[in-house]
Amino acid sequence: MDEKQLFGLALGLTPPWFIDKVAFDPGQKRLDLFLDFQRGSKFPCPECASGEGCPVHDTTEKTWRHLDFFQHQAFLTARVPRIECPTHGVRLSNVPWARPGSGFTLLFEALALLMCQQMPVSGVAKVMQANANTLWRLLTHYVDKAVEKADYSDVEDVGADECAQRKGHEYITTFCDLGQSRVVFVAEGRRKDTVKKFGTFLDRRGIPREQVRNFCADMWEPYRLGITEVFPDAELTYDRYHVMTLFNRAIDLVRRKEVRSVPLLKNSRWLWLRSQRKMTGNQRSDLAWLSRLDTRTGKAYQIKLTLQRLWNYTDRGDAELFLKKWYFWATHSRLEPVIEAAKTIRRHWKGILQFVDSRITTGIVEGLNSKIKTAMKRAYGFKSFEYLRTIIYLVAGKINIPLPTQC
Numbered sequence: 382m383d384e385k386q387l388f389g390l391a392l393g394l395t396p397p398w399f400i401d402k403v404a405f406d407p408g409q410k411r412l413d414l415f416l417d418f419q420r421g422s423k424f425p426c427p428e429c430a431s432g433e434g435c436p437v438h439d440t441t442e443k444t445w446r447h448l449d450f451f452q453h454q455a456f457l458t459a460r461v462p463r464i465e466c467p468t469h470g471v472r473l474s475n476v477p478w479a480r481p482g483s484g485f486t487l488l489f490e491a492l493a494l495l496m497c498q499q500m501p502v503s504g505v506a507k508v509m510q511a512n513a514n515t516l517w518r519l520l521t522h523y524v525d526k527a528v529e530k531a532d533y534s535d536v537e538d539v540g541a542d543e544c545a546q547r548k549g550h551e552y553i554t555t556f557c558d559l560g561q562s563r564v565v566f567v568a569e570g571r572r573k574d575t576v577k578k579f580g581t582f583l584d585r586r587g588i589p590r591e592q593v594r595n596f597c598a599d600m601w602e603p604y605r606l607g608i609t610e611v612f613p614d615a616e617l618t619y620d621r622y623h624v625m626t627l628f629n630r631a632i633d634l635v636r637r638k639e640v641r642s643v644p645l646l647k648n649s650r651w652l653w654l655r656s657q658r659k660m661t662g663n664q665r666s667d668l669a670w671l672s673r674l675d676t677r678t679g680k681a682y683q684i685k686l687t688l689q690r691l692w693n694y695t696d697r698g699d700a701e702l703f704l705k706k707w708y709f710w711a712t713h714s715r716l717e718p719v720i721e722a723a724k725t726i727r728r729h730w731k732g733i734l735q736f737v738d739s740r741i742t743t744g745i746v747e748g749l750n751s752k753i754k755t756a757m758k759r760a761y762g763f764k765s766f767e768y769l770r771t772i773i774y775l776v777a778g779k780i781n782i783p784l785p786t787q788c
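If you're matching positions, the sequence shown starts at 382 in my numbering and goes up one per residue.
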């Protein structure tokens, strides 16, 4: 068996393709395999895939990067036939070892995809000695195809949350399927039209908007306006984590003002804000001791603890009665930050109480945030939103990317 036959078998070439010439340059660390087809061969039209094949009109030479041969870069070069189809005219034929328009072979792309799922793209580019932007375009191509084929027909409960894209208050919004714990759609910004883009995404896939029963989001007004307009049949639940975060800010404002007259409150910020479940024994003891000082901060903290009981209610009527009593207490506390927070809660009354019925939160979305932040680090240095969107789908979209294989 000569070297041409050996490389032909290794590539999996089938007639009419064969290895015409092999060139190896150890100085350049490069292996070139020149492919050709048998004279008189016919090829199917890439448009209509005619079974009998079409005659060759002329040829054009193309080169593809292949998997490395040991430590040497390998390239395939072939005369690609341009066939003459009776229906579509002259068309460039497809080759079995690469997808149309790509400068890489299918096996090279498969390896790149596997590595990009585990490493930053810039790192993969160095290892594979390829241009990083070219790898991003390759990755985007396969991710877009996987998203297009993904099944979102069972999406009913959606969580929407923003994430800072970079410094300067530039945000992206992720729409997550709470039932499957996956990112469904990623859009730039956090405006009302961001929700419209998600609605258009569902329309394009033939999914009726009425299918989305529940939305869960923070109290950002553009989200509310967008959801109300684009998904009028969906119920909006305000995330309880963001409700408590709102009240935590009020407690901290009370503490900052009071620390001037009560120095013991200095450096106690996280004791008032942290969940007791996550505290150490010493932290619980310190908090209990500070609570006995009868401070304004301690009073605000007790109002917060009482509000937390809302999430345990299962009857809408009982929950609303409880919230009304709590609201009266909070607005008569003479603590200005607490009063402002209570009024904000009153303005979002319906969405907060909706939790009693829907029992959904953006906790799943928050759980995906760590993956998304890692994705942002992978996309660091690239200004294109498309690259960031691509890597978010890759790590948090639960999409199925079928690896390309040699034909």
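Ideal Cβ positions, reconstructed from N, Cα and C, are used throughout, including at glycine. Source: prediction; values computed, not measured.
| Check | Outcome |
| --- | --- |
| Using only CA atoms, which one of 597, 585, 440, 448 lies nearest to residue 744? | 597 |
| Buried or exposed for residue 718, please, with buried defined as at least 16 other CB atoms from any protein chain shown within 10 angstroms of its CB. | buried |
| Indicate the three-state DSSP secondary structure (helix, strand or coil) for residue 518 in the structure shown. | helix |
| Could you spell out where the beta strand (DSSP E) holding residue 398 opens and where it closes? | 398 to 406 |
| Suppose the cutoff is 6 angstroms on Cβ atoms and the five residues either side in sequence are ignored; what does the same chain contact list for residue 620 look like? | 597, 599, 742, 743 |
| Based on DSSP bridge pairs, tell me the residues matched to residue 563. | 558 |
| Can you give the Cα-Cα distance for residue 453 and residue 403, rounded to whole angstroms? | 14 angstroms |
| Using a beta-carbon distance below 8 angstroms, is residue 784 in contact with chain B? | Among the chains of the structure shown, chain B does not appear; only one protein chain is present. |
| Can you tell me whether residue 391 is buried or exposed, with buried defined as 16 or more other CB within 10 angstroms of its CB? | exposed |
| What runs of the alpha helix (DSSP H), each 4 residues or longer, lie entirely inside the region 562 to 595? | 573 to 585 |
| If we count the other Cβ atoms within 10 Å of its Cβ and call it buried at 16 or more, is residue 538 buried or exposed? | buried |
| Only counting the same chain, and skipping five residues up and downstream in sequence, which positions put a Cβ closer than 6 angstroms to that of residue 711? | 684, 719, 723 |
| Would residue 492 pass as a contact of residue 448 if the rule is Cβ separation under 8 angstroms? | yes |
| How many angstroms separate the CA atom of residue 536 from the CA atom of residue 555? | 14 angstroms |
| Where residue 675 and residue 669 are concerned, what is the direct C-alpha to C-alpha distance, given to the nearest angstrom? | 11 angstroms |
| Tell me the residue span of the beta strand (DSSP E) that contains residue 473. | 470 to 473 |
| With DSSP collapsed to three states, give me the class of residue 601. | coil |
| Below 8 angstroms on the Cβ atoms is my contact criterion, and I expect residue 465 with residue 436 to pass it. Report the Cβ-Cβ distance as a whole number of Å. | 6 angstroms |
| Helix, strand or coil for residue 709 per DSSP? | helix |
| Entirely within the region 712 to 755 and at least 4 residues each: give me those alpha helix (DSSP H) ranges in chain order. | 717 to 728, 730 to 734, 736 to 739 |
| By alpha-carbon positions, which one of 384, 544, 725, 632 ends up nearest to residue 686? | 632 |
| Which word fits residue 771, buried or exposed, when buried means at least 16 other C-beta atoms lie within 10 angstroms of its C-beta? | buried |
| Helix, strand or coil for residue 540? Go by DSSP, reduced to three states. | strand |
| In this structure, does DSSP put residue 551 in helix, strand or coil? | strand |
| Please say whether residue 441 and residue 461 have beta carbons closer to each other than 8 angstroms? | yes |
| Going by DSSP, which residues form a beta bridge with residue 435? | 424 |
| Hey, residue 778 and residue 471 are a contact pair by Cβ (cut 8 angstroms); roughly how many whole angstroms apart? | Contact flag wrong, Cβ pair sits at about 40 angstroms. |
| Who pairs with residue 332 in a beta bridge, going by DSSP? | This structure cannot settle anything about residue 332, because the visible part of the chain is limited to 382 through 788. |
| To which residues of the same chain is residue 438 closer than 8 angstroms at the C-beta, ignoring the five residues directly before and after it? | 462, 463, 464, 465, 471 |
| Can you give me the Cβ contacts of residue 690 inside the same chain, cut-off strictly under 8 angstroms, excluding the 5 residues immediately before and after it? | 703 |
| For residue 414, list the residues DSSP reports as bridge partners. | 403, 457 |
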